[in-house]
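Report on the following structure.
In my numbering, the protein residues as written are 1091 to 1299.
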């Protein structure tokens, strides 16, 4: 059975990036490890990990423009669609595989998660928590698809095609027999340790298959 633990006293990296999930990921990953970042964007996290933690960094990104910007930074990133899997990589070839703020936008999240756990010894998954009180309140009072500070999209232009909460994710990993090594819950860059499904606006999980 999967168990989730909000780690008390974890030290956030003070200068890594503005995003709370990236600060936690920067703290989790060991020096000189091998890392694959799925949906790596313009490579800010990968570049920081290479510079500060001397990791062997690789990335996958669907946007050609963002791939170009990564390559301009000297990063090893290729253009690819995560829904097509990671067949080019053998089993357990990375220490960590990262999926940050991308789980809710891929068409088949379970398949992506399985592939992460196949090619990585551990997987780091971060996602926005749609169970946050502001999302619930927005729907209750407006009667419309919620728009909040951390979910600012209209229903018709949102990249989020799956709506999940902390509780949903923990139920899913438990049903799939996935082990949660660590769990961090964040609100506005600060950790949340009490009632995270209601109070956290995002979550970060360290997983093993």
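C-beta atoms are modelled at their ideal positions from N, C-alpha and C, and glycine is treated no differently.
All of these numbers come straight from a predicted model, not from anything done at the bench.
For the alpha helix (DSSP H) that residue i lies in, which residues bound it at each end?
i, result
"residue 1213", "Premise fails: residue 1213 lies in the beta strand (DSSP E), 1210-1218, not in any alpha helix (DSSP H)."
"residue 1263", "1256-1265"
"residue 1235", "No alpha helix (DSSP H) holds residue 1235; DSSP gives it neither H nor E."
"residue 1157", "1154-1162"
In this structure, how does DSSP classify residue i when only helix, strand and coil are distinguished?
i, result
"residue 1287", "helix"
"residue 1168", "strand"
Can you pull the DSSP bridge partners for residue i?
i, result
"residue 1188", "1127, 1214"
"residue 1176", "Note: residue 1176 sits in no beta bridge, so no partner."
"residue 1109", "Residue 1109 pairs with nothing; no bridge assigned."
"residue 1194", "Per DSSP, none; premise fails for residue 1194."
"residue 1277", "1280"
"residue 1224", "Answer by DSSP bridge pairing: none, since residue 1224 is not bridged."
"residue 1142", "DSSP output for residue 1142 lists no bridge partner at all."
"residue 1297", "1213, 1270"
"residue 1292", "1218, 1276"
Measuring CA to CA, which of the options is closest to residue i?
i, options, result
"residue 1214", "1121, 1125, 1109", "1125"
"residue 1242", "1112, 1130, 1291, 1286", "1291"
"residue 1192", "1185, 1180, 1171, 1211", "1171"
"residue 1204", "1117, 1131, 1118, 1267", "1267"
How should residue i be labelled, buried or exposed, when 16 other C-beta atoms within 10 angstroms of its C-beta is the threshold for buried?
i, result
"residue 1219", "buried"
"residue 1138", "buried"
"residue 1111", "buried"
"residue 1293", "buried"
"residue 1212", "buried"
"residue 1187", "buried"
"residue 1177", "exposed"
Which residues mark the beginning and the end of the beta strand (DSSP E) in which residue i is found?
i, result
"residue 1146", "1146-1151"
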